[in-house]
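Step one of this worksheet: look at the structure below.
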Amino acid sequence: MTVNTQRPLAKHVKVVEVGPRDGLQNESGGMLDAKVKASLINQLAAAGLTHIEAAAFVHPKWVPQMANSAQVLQLITAHNHVSYSALTPNMKGLERAIEAGVNEVAVFGAASESFSQRNTNCSIAQSLTRFEPVVQKALDAGLKVRGYVSVVVDCPYEGAISPTAVADIAQQLIHMGCYEVSLGDTIGTATPFGMLRMLEAVNHKIPTSKLAGHCHNTYGQALANVLCMLEAGVTTFDSSVAGLGGCPYAKGASGNLATEDLVYMLHGLGIHTGIQLDRLARVGQNISDLLGRPNGSHAGQAMMSSV
Ligand code: HMG
Ligand code: MG
13 MTVNTQRPLA
23 KHVKVVEVGP
33 RDGLQNESGG
43 MLDAKVKASL
53 INQLAAAGLT
63 HIEAAAFVHP
73 KWVPQMANSA
83 QVLQLITAHN
93 HVSYSALTPN
103 MKGLERAIEA
113 GVNEVAVFGA
123 ASESFSQRNT
133 NCSIAQSLTR
143 FEPVVQKALD
153 AGLKVRGYVS
163 VVVDCPYEGA
173 ISPTAVADIA
183 QQLIHMGCYE
193 VSLGDTIGTA
203 TPFGMLRMLE
213 AVNHKIPTSK
223 LAGHCHNTYG
233 QALANVLCML
243 EAGVTTFDSS
253 VAGLGGCPYA
263 KGASGNLATE
273 DLVYMLHGLG
283 IHTGIQLDRL
293 ARVGQNISDL
303 LGRPNGSHAG
313 QAMMSSV
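Sequential numbering from 13 applies to the sequence shown in the working numbering.
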């Protein structure tokens with residue numbers, strides 16, 4: 013393995029909060045009110061999050077919980093220093109996102125054919141062909157565009173994924189104009205060596221400054237995976253307040269790494285995030301209470317039990 017894990021750790025890490033999208037997309041107990049979602053996003057911004065994935069302009073039949081995305085964006089008290097982004101799987105999604113006034117969008121592909129079909133009803137090649145004009149139009153409209161690759165280590169339908177397949181797709185997303193590619197361990201089964209093997213292949217083609225880690229925590233490996241990616245030079249990580257969420261097209265996939273746990277570890281390592289952990293812990297507890305579920309963040313639970 014040639015990924016350099018001996019370098020000094022970064023001084024600053026960018027945290028991309030995906031709770032309002034990746035977290036809430038899996039909520040099955042009826043549509044959450046747009047006011048509740050907007051309030052969550054406002055609270056996250058007030059706690060210091062500057063990159064918030066707020067919505068998804070996907071087909072409402074495929075992910076019903078995201079159907080009120082436009083309304084959510086309308087109700088946010090937007091700040092100039094905060095990026096409010098939305099998933100856009102195709103041109104129709106991008107048009108809806110532009111109309112709703114987002115300043116960043118994300119296209120999302122997958123490293124396995126089965127996952128691509130189930131998630132976006134098309135092959136990997138079709139998805140990339142579809143993304144090209146979407147990315148171009150978004151860039152022409154002055155939006156930043158992020159790319160995702162899902163199932164970068166394991167696929168729930170095909171098993172182990174070839175690291176070079178991930179690298180090829182990630183490279184194509186960067187060539188199209190994505191400023192960053194987020195590498196998704198969608199089902200949270202990856203362990204550090206698997207993540208590093210995948211990262212090494214991707215890093216042959218893309219510098220770590222353009223990569224992000226997106227670790228679901230199904231098997232409790234997310235923080236370990238983040239730490240090894242951090243040591244290898246990745247400085248952007250996605251996470252979800254209170255560990256909310258999962259992917260509706262990856263059975264059994266639980267939420268992302270909880271943002272509180274990520275921030276607790278980063279601050280403990282002396283890494284700056286700009287996030288106020290105590291305020292964030294309250295946001296996590298509030299949304300957990302509201303959804304009537306246990307708080308999925310260890311740090312959040314510990315902090316809230318000691319106040
Ligand atoms: P499709 O059915 O193949 O779409 O869905 P189509 O192009 O054949 O169009 C069929 C109808 O849908 C048409 O309407 C379109 O207008 C409409 P009709 O003419 O029949 O009345 N339509 C739309 N309506 C609203 N918004 C749109 C849209 N597009 C078409 N954007 C599609 C293809 C991609 C739309 C569908 O498969 C879809 O929405 N998939 C999204 C699935 C999803 O959101 N998954 C979760 C997010 S990804 C994730 O969680 C992973 C990630 O977190 C990283 C990780 O963890 O690995 C990012
Ligand atoms: Mg995800």
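We put the CB at the ideal spot given by N, CA and C, even for glycine. If you're wondering where the values come from, they're calculated on a predicted model, not measured in any experiment.
Ligand 2 has a heavy atom closer than 7 Å to the beta-carbon of ASN268.
If you look at THR176, you'll find it in the alpha helix (DSSP H) that goes 175 to 188. For PHE249, the enclosing beta strand (DSSP E) has its first and last residue at 248 to 251. Boundaries around VAL84 are those of the alpha helix (DSSP H), 81 to 87, since no beta strand (DSSP E) includes it. In this structure, VAL27 lies near THR271, with their beta-carbon atoms less than 8 Å apart. Shown here, CYS240 sits in a helix according to DSSP, grouped into three states. Counting C-beta atoms within 10 angstroms of its own C-beta, GLN138 has fewer than 16 neighbours from the protein chains shown and is therefore classed as exposed. Assigned with DSSP and collapsed to three states, GLY255 falls in helix. Counting of Cβ neighbours within 10 angstroms places ALA172 among the exposed residues, the total staying below 16. Below 8 Å, too few C-beta pairs join the segment 270 to 286 and the segment 85 to 94 to call them touching: fewer than three. Judged by beta-carbon spacing, VAL25 lies within the 8 Å limit of THR247, meaning their Cβ atoms are closer than that value.
For GLU212, the secondary structure class from DSSP, reduced to helix, strand or coil, is helix. By the neighbour-count criterion, in which a residue is buried when 16 or more other Cβ atoms sit within 10 angstroms of its Cβ, ASP166 is buried.
For SER128, the enclosing alpha helix (DSSP H) begins and ends at 125 to 132. Separation of TYR231 and THR201 (C-alpha to C-alpha, rounded to the nearest whole angstrom) is 6 Å.
Cβ neighbours of VAL275 within its own chain (closer than 7 Å, five residues either side excluded): VAL27, THR285, ILE287, LEU289 and LEU292. Assigned with DSSP and collapsed to three states, ALA109 falls in helix.
In this structure, the C-beta of ASN92 stays at least 7 Å away from each heavy atom of ligand 1.
In this structure the segment 117 to 124 lies against the segment 154 to 170, because at least three pairs of beta carbons, one per stretch, are closer than 8 Å. Under the 10 Å beta carbon count, ASN92 is surrounded by fewer than 16 other beta carbons and is classified as exposed. Comparing C-alpha distances from TYR169 to each of GLU65, LEU185 and THR198 shows the shortest one belongs to THR198. A Cβ-Cβ separation of about 5 Å places PRO101 in contact with VAL70 under the 8 Å criterion. If you draw a straight line from the Cα of GLY225 to the Cα of VAL117, it comes to about 17 Å. Remark: the shortest separation between the CB of HIS216 and any heavy atom of ligand 1 does not fall under 7 Å. Between GLY41 and the set GLN313, GLY308, GLY304 and MET315, the nearest pair of CA atoms involves GLY304. Following the DSSP letters along the chain, one finds ILE64 inside the beta strand (DSSP E) bounded by residues 63 to 68. In this structure, the C-beta of ASN131 approaches ligand 1 to less than 7 Å from one of its heavy atoms.
About 16 Å separates the CB atoms of SER97 and VAL75; that is not less than 8 Å, and the two are not in contact. For THR230, the distance from the CB to the nearest heavy atom of ligand 2 is not below 7 Å.
Residue nearest to PHE249 within the set ASN237, LEU256 and ALA153 is ASN237 (criterion: CA-CA distance). Under the three-state reduction of DSSP, GLY280 is assigned to helix. Beta-bridge partners assigned by DSSP to GLY196: HIS226.
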